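Visitor: Per this note's numbering: the sequence shown = residues 20 to 412.
I'd like to ask you about the structure that follows.
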Amino acid sequence: MWAAGLIYGTVRWLEVLAVAVFVFDSTGSPFIVSLMLVVRMLPMILLGGLIGVLAEKINRRQLLLVTFGGNAMSCAVLSLLVFTNHIELWHLGLGAFLNGVIWSADYATRRTLLGEIAGNENVGVAMSLDSATTNVTRMLGPLLGGVIYSTIGLQGTYLVGLFLFSIAIYLIGTMTYRPGPALVGGSKFFADLREGLRYIRSNRTITMVLMVTVVLNFFGFPFVSMVPVIGNQELGLNPVYIGVLASAEGGGAFFGAILAALFVQPMHYRRLFVYGSIVFLCAILIFAFSSGFTFSFIALLIGGFGVAGFSTMQGTIMYLEAPPEMRGRILGVLAFCIGASPIGLLNAGWLAEWLGPSQAIAVLAGGGLVAMALVCFYWRDVWSLRGRERIFG
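Have a look at this one:
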């Protein structure tokens, strides 16, 4: 599971950077660059909750094999289209959408498997290490994407993706897996989904995590779509240096997640989640006003440490707060909330066309800090608690 997550994350982020650079070079439009990320995030909204229920009713390994196999085929077809000079923007959009489907499945399926394997007492460490792995891919992916795009072009990106997805399929296919207690069957699909939503409404900790997730995915993470544009248009960087800049946040998040796995105790989970979110938004606000490569890199590196607090604790708190029989559904709703990104990405693209890319990031980050202040006030009884997280199972 860990290796499959490493491979998938690397492919996702190297493809995000390469497609963004290609689209901006082809169109010169920050809005269209953002639109590609919107398409990539759409499956989170359309399928997140449904995949969560599905993950409780069928073999989770088979679900991952189907999604990984579909993306391997997508990489093969797109590589051929680029090589034969028949590639069009809608082809790239379709490939991005398929990549988003596996992202949705990853949240509801692979993370549930990781929690079952680790056990409740070790789930914080397991999720922190998985977050560290994810953040390594956010560092390696853009670096590889910049180098591959500069040397062998967009087709090289998809060929590397095909190769890596094939390895992941082999690893998942040979994994020994026994369905955990959350794997159920025989009940009604939408009734199960409604039951999960009712439980979420009754749990203030889960609703806080979901609300912070919406805030960061609407106001914070859309900045990623503007990094290639700022690097190209405002900093005058080539694709390799754009990749280095885009990897800074992932590097900071990786080291932050390692520290979280080693030192953070359950009594601090909620505070780390909230404080990390605020640090991230402050860092990208500073990045919006930076005028050189070095200062921009440092700002994003610091932002990565904030992301580590958010991302490591997000899945951990949700997993611990959910009863075993509802974990797939609740993590599926988490994937749905991550789907707030498409709206934020469209907003970022529109603001960038109107105000400029740096100004767009500044407006979004400022709005995110205001929203976080409201969340912190309304849920102050939840995140300020120092008590041990609830443990089911």
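Backbone N, C-alpha and C fix where the C-beta goes; we use that ideal spot for every residue, glycine too.
Note that the structure is a prediction, hence the values are computed from the model and not measured.
Helix, strand or coil: which one does DSSP assign to L202?
Guide: The sequence position of residue 202 within the sequence shown is 183, counting from 1. Below a pLDDT of 50, predicted positions are generally treated as unreliable, and L202, at 46, falls in that range; no measurement from the model is reported.
Visitor: Measure the Cβ-Cβ separation of G270 and A327 and say whether it is below 8 Å.
Guide: Numbered from 1 along the sequence shown, position 251 holds the residue referred to as residue 270. Numbered from 1 along the sequence shown, position 308 holds the residue referred to as residue 327. It is not a contact, given that the beta carbons lie outside the stated cut-off.
Visitor: Counting only the same chain and skipping the five closest in sequence on each side, list residues whose C-beta sits under 7 Å from that of G112.
Guide: Counting from one through the sequence shown, the residue named residue 112 turns up at place 93. Taken in chain order, the residues that qualify are M55 and V58.
Visitor: Roughly how far, in whole angstroms, is the beta-carbon of P241 from the beta-carbon of L364, given that I think they are within contact range, below 8 Å?
Guide: In the sequence shown, counting from the first residue as 1, residue 241 sits at position 222. In the sequence shown, counting from the first residue as 1, residue 364 sits at position 345. With 8 Å as the limit, P241 and L364 qualify as a contact, their Cβ atoms being about 5 Å apart.
Visitor: Taking the alpha-carbon positions, what's the I249 to A381 distance?
Guide: Mapped onto the sequence shown, residue 249 falls at position 230. Mapped onto the sequence shown, residue 381 falls at position 362. Going from the Cα of I249 to the Cα of A381 covers about 13 Å.
Visitor: For a test of the three-state rule: what should DSSP assign to S185, helix, strand or coil?
Guide: Translated into the one-based positions of the sequence shown, residue 185 becomes position 166. Residue state, collapsed to three classes: helix.
Visitor: Can you give me the Cβ contacts of P361 inside the same chain, cut-off strictly under 7 Å, excluding the 5 residues immediately before and after it?
Guide: Counting from one through the sequence shown, the residue named residue 361 turns up at place 342. If we look at P361 and ignore the five residues flanking it on each side, its Cβ neighbours are V57, M60, L61 and I64.
Visitor: To the nearest angstrom, report how far apart A210 and L82 are at their CA atoms.
Guide: Stepping through the sequence shown from its first residue, residue 210 is reached at position 191. Stepping through the sequence shown from its first residue, residue 82 is reached at position 63. Each residue's alpha carbon lies about 21 Å from the other.
Visitor: Ignore the nearest five residues each way along the sequence and tell me which others in A39's own chain have a CB closer than 6 Å to its CB.
Guide: Within the sequence shown, residue 39 is the residue found at index 20, counting from 1. Around A39: V52 and P247.
Visitor: Under 8 Å, with one C-beta from each stretch per pair, do the stretch 179-187 and the stretch 83-93 reach the 3-pair mark?
Guide: Touching, yes.
Visitor: What does the alpha-carbon distance come out to for the pair V203 and E253?
Guide: Counting from 1 along the sequence shown, the entry for residue 203 is found at position 184. Counting from 1 along the sequence shown, the entry for residue 253 is found at position 234. Because the pLDDT of V203 is 48, which lies under 50, any placement of that residue in the model is unreliable, and the question is left without a value.
Visitor: Short of 8 Å in beta carbon distance, which residues of its chain neighbour L291, apart from the five on each side in sequence? Order them along the chain.
Guide: Here residue 291 corresponds to residue number 272 of the sequence shown, with the count starting at 1. A279, V283, G328, T331 and M332, listed in sequence order.
Visitor: Give the range of the alpha helix (DSSP H) segment to which P376 is assigned.
Guide: As a first step, residue 376 is located in the sequence shown; it is residue number 357 there, counting from the start. Element bounds for P376: P376 to Y397.
Visitor: Check each candidate in W398, F314 and L190 and name the one with the smallest Cα separation from R289.
Guide: Position 270 of the sequence shown, counting from 1, holds the residue named residue 289. The option with the nearest alpha carbon to R289 is W398.
Visitor: Starting from the C-beta of G205, find all residues in its chain whose C-beta is less than 7 Å away, skip the five residues before and the five after it, and write them out in chain order.
Guide: Here the question's residue 205 lines up with position 186 in the sequence shown. The predicted model places G205 with a pLDDT of 49, which falls under 50 and marks its position as unreliable, so this point remains unresolved.
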